[in-house]
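Take a look at the structure below.
There are 2 protein chains.
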Amino acid sequence: MPETLTADQILEAAQDVLRRFGPSKATVVDVARALGVSHGSVYRHFPSKAALREAVTRRWLSRAHAAVALAAKADLPAPERLRTWLATLFDSKRHKVLDDPELFATFTALVRENSKVVADHIAELTAELAEILRAGVAAGDFKPFDDVDQTARAVFDATNRFHDPAYAGEWKQDGIDAAFDAVCSLVLAGLAR
Amino acid sequence: MPETLTADQILEAAQDVLRRFGPSKATVVDVARALGVSHGSVYRHFPSKAALREAVTRRWLSRAHAAVALAAKADLPAPERLRTWLATLFDSKRHKVLDDPELFATFTALVRENSKVVADHIAELTAELAEILRAGVAAGDFKPFDDVDQTARAVFDATNRFHDPAYAGEWKQDGIDAAFDAVCSLVLAGLAR
DNA sequence: GTGATGACAGATTTCAATATCTGTCATTTT
DNA sequence: AAAATGACAGATATTGAAATCTGTCATCAC
Numbered sequence: 029m030p031e032t033l034t035a036d037q038i039l040e041a042a043q044d045v046l047r048r049f050g051p052s053k054a055t056v057v058d059v060a061r062a063l064g065v066s067h068g069s070v071y072r073h074f075p076s077k078a079a080l081r082e083a084v085t086r087r088w089l090s091r092a093h094a095a096v097a098l099a100a101k102a103d104l105p106a107p108e109r110l111r112t113w114l115a116t117l118f119d120s121k122r123h124k125v126l127d128d129p130e131l132f133a134t135f136t137a138l139v140r141e142n143s144k145v146v147a148d149h150i151a152e153l154t155a156e157l158a159e160i161l162r163a164g165v166a167a168g169d170f171k172p173f174d175d176v177d178q179t180a181r182a183v184f185d186a187t188n189r190f191h192d193p194a195y196a197g198e199w200k201q202d203g204i205d206a207a208f209d210a211v212c213s214l215v216l217a218g219l220a221r
Numbered sequence: 029m030p031e032t033l034t035a036d037q038i039l040e041a042a043q044d045v046l047r048r049f050g051p052s053k054a055t056v057v058d059v060a061r062a063l064g065v066s067h068g069s070v071y072r073h074f075p076s077k078a079a080l081r082e083a084v085t086r087r088w089l090s091r092a093h094a095a096v097a098l099a100a101k102a103d104l105p106a107p108e109r110l111r112t113w114l115a116t117l118f119d120s121k122r123h124k125v126l127d128d129p130e131l132f133a134t135f136t137a138l139v140r141e142n143s144k145v146v147a148d149h150i151a152e153l154t155a156e157l158a159e160i161l162r163a164g165v166a167a168g169d170f171k172p173f174d175d176v177d178q179t180a181r182a183v184f185d186a187t188n189r190f191h192d193p194a195y196a197g198e199w200k201q202d203g204i205d206a207a208f209d210a211v212c213s214l215v216l217a218g219l220a221r
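Residue numbers (this note's numbering), protein chains in the order written: chain R, 29 to 221; chain P, 29 to 221.
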């Protein structure tokens, strides 16, 4: 039972409220109630409801991705590492949506309302991709690229169907793994020396 | 002023009503009113509002695509033909959304509510792609594929960002053409012998 | 003085009454 | 008889009044 209210406590409570009530019902008053404080206190730490939701979204997204980034750090040749990275990204999101569709929907709604957060997250992801591409070029596995960042973004775009939550509904369909492998192989063939 | 009401007249009127009122406000009663008949007469030709909307969607989609399919029939080597096909598809959709965003939104909403129509349309599109791929394999421009249809679908999936209306908001951003070229080149490199 | 409160104005949401729409079908029109 | 109608029941949408929420700020507590 801490003396003073911290931004982190508020974020934690806001996350709980969002989980329980969903993105359309969760209010700042609910968050304050959950913490046993007045809603005015929340506004001491966050300038607006939108800012609070954005902060929750950012935290949620970065924590969710930390696991993926780690899993795909394996010490492999670039092509395999790229394939693993893409497959891990896909698998992790697919598991999320299958395990708890409601929570995934809440999370997706939050992400959708913050295009800035999405842009930043995509920038992080493509930076990871660019890293792999550079390693592959250095090792002679990939052909040299005019613009590695552009190519990294192209790889990200080409695999959209397997990481954009907008397509989550298709991730349980039969043949989705074959479709993923097909795109993956096409992309890898396009990168190969 | 024809004697008897035809399904085609109803489709035409329904299309007008949808254009004018938008997908959420357009009613069967509106369509009947526009034709000067009772709404019961509409139900003689279409079993439900959903069926009527689906029929409109199908017609709208197939007419919109006829122009694209034609434009991309040019007598070129397969790789150029593929690039032209993809570029024409992208350009045509981008023009639609830029020229009349409201109509595009109406159209997109209709498409979204009919996943069956979408699936059929995608099947047609990938069939066109598969045709190009086969020609390319025969001419020795593309490497032979295990499964041409699967590869065609992979090409379609990889270029999602440039034909799925869900991304229409990004089509006016700077650098979108460069992003398109990057994905296109990656895909073509992946197909090349 | 720093942090928390709760009253307040304006914006947004909820709710229930009302109106409109969807789909059916017995009846009317041609 | 084939086509069209319009009354009807149940479902859905609209509306406006009441409730709740957001964001501010003068005041209170430590």
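Where a beta carbon is used, it is the ideal one built from N, C-alpha and C, also for glycine. Keep in mind that this is a model prediction, so the values were computed, not measured.
Worksheet item: Do the stretch 165-172 of chain R and the stretch 163-174 of chain P make contact, defined as three or more Cβ pairs closer than 8 Å?
Response: no
Worksheet item: If you draw a straight line from the alpha carbon of Leu214(P) to that of Ala206(P), how long is it in whole angstroms?
Response: 12 Å
Worksheet item: Beta-carbon of Thr154(R) versus every beta-carbon of chain P: anything under 8 Å?
Response: no
Fill in: Neighbourhood of Val145(R) by C-beta distance below 7 Å, restricted to the same chain and skipping five residues each side
Glu82, Thr85, Arg86, Leu89, Val139
Practice prompt. Count the other CB atoms, across all protein chains shown, that sit within 10 Å of the CB of Gln178(P); report buried if there are 16 or more and exposed otherwise.
Written response: buried
Item to complete: Examine chain R for any beta-carbon lying closer than 8 Å to the beta-carbon of Leu214(P), and answer yes or no.
Response: yes
Item to complete: For Ala54(P), name the three-state secondary structure that DSSP assigns.
Response: coil
Worksheet item: Of all the residues that make up the stretch 146-178 of chain P, which are near chain R by a beta-carbon distance shorter than 7 Å?
Response: Gln178
Item to complete: State buried or exposed for Gln43(P), treating a residue as buried only when at least 16 other CB atoms are found within 10 Å of its CB.
Response: buried
Fill in: Interface residues of chain R facing Ala194(P) [CB-CB closer than 7 Å]
Ala194
Discussion item. I need the boundaries of the alpha helix (DSSP H) containing Tyr71(R), first residue and last residue.
Written reply: 67-73
Worksheet item: Going along chain R in order, which residues have a C-beta closer than 7 Å to the C-beta of Val211(P)?
Response: Ala182, Asp185, Ala186
Worksheet item: Any idea if Gln201(R) is buried or exposed, counting beta-carbon neighbours within 10 angstroms, 16 or more meaning buried?
Response: exposed
Worksheet entry | Proximal chain P residues relative to Ala206(R), where beta-carbon distance stays under 7 Å | Gln178
Item to complete: Measure the CB-CB distance between Trp199(P) and Val96(P) and report whether it falls below 8 Å.
Response: no
Practice prompt. Please go through the same chain and pick out, in chain order, the residues whose beta-carbon is closer than 6 Å to the beta-carbon of Met29(P), but skip the five residues on each side of it.
Written response: Bear in mind that the predicted position of Met29(P) carries a pLDDT of just 46, short of 50, making it unreliable; the figure below should be weighed with that in mind. None.
Discussion item. Does any residue of chain P have a CB that is nearer than 8 Å to the CB of Arg109(R)?
Written reply: no
Fill in: With 16 other Cβ atoms within 10 Å as the buried cut-off, status of Lys101(P)
exposed
Worksheet item: Does any residue of chain P bring its CB to less than 8 Å from the CB of Arg189(R)?
Response: yes
Worksheet entry | Classification of Arg221(R) by the beta-carbon crowding that lies within 10 angstroms, buried from 16 upward | exposed
Item to complete: Determine the DSSP secondary structure at Phe184(R), reduced to helix, strand or coil.
Response: helix
Fill in: chain P residues whose Cβ lies nearer than 9 Å to that of Ala217(R)
Lys171, Ala217, Gly218, Leu219, Ala220
Fill in: Beta-carbon contacts of Ala137(R) that lie in its chain and below 6 Å, excluding the five residues immediately before and after
Pro51
Discussion item. Which same chain residues end up closer than 6 Å to Pro193(P) when comparing Cβ atoms and leaving out the 5 residues on each side of it in sequence?
Written reply: Thr136
Discussion item. Quick check on Asp185(R): buried or exposed, where buried means 16 or more other Cβ atoms within 10 Å of its Cβ?
Written reply: buried
Practice prompt. Give the DSSP bridge partners of Phe170(R), in chain order.
Written response: Ala220(R)
Discussion item. So for Pro193(R), helix, strand or coil by DSSP?
Written reply: helix
Discussion item. Using a 10 Å radius around the Cβ and a threshold of 16 neighbouring Cβ atoms, would you call Leu98(R) buried or exposed?
Written reply: exposed
Worksheet item: Taking the C-alpha atoms as reference points, what is the distance between Arg111(R) and Asp209(R)?
Response: 9 Å
Item to complete: Out of Glu156(R), Leu63(R), Thr134(R), Arg48(R), point me to the one whose CA is closest to Ala106(R)'s CA.
Response: Glu156(R)
Worksheet item: From this set, Leu33(R), Ala35(R), Phe190(R), which residue's C-alpha is nearest His123(R)'s C-alpha?
Response: Phe190(R)
Worksheet item: So which of Tyr195(R), Ala41(R), His67(R), Arg48(R) has the shortest CA-CA distance to Lys121(R)?
Response: Tyr195(R)
Discussion item. Quick check: the Cα distance between Phe173(R) and Asp127(R), rounded to an integer number of angstroms?
Written reply: 39 Å
Item to complete: Return the chain-ordered ranges of every alpha helix (DSSP H) run that is complete within the stretch 106-163 of chain R and spans a minimum of 4 residues.
Response: 106-127, 129-140
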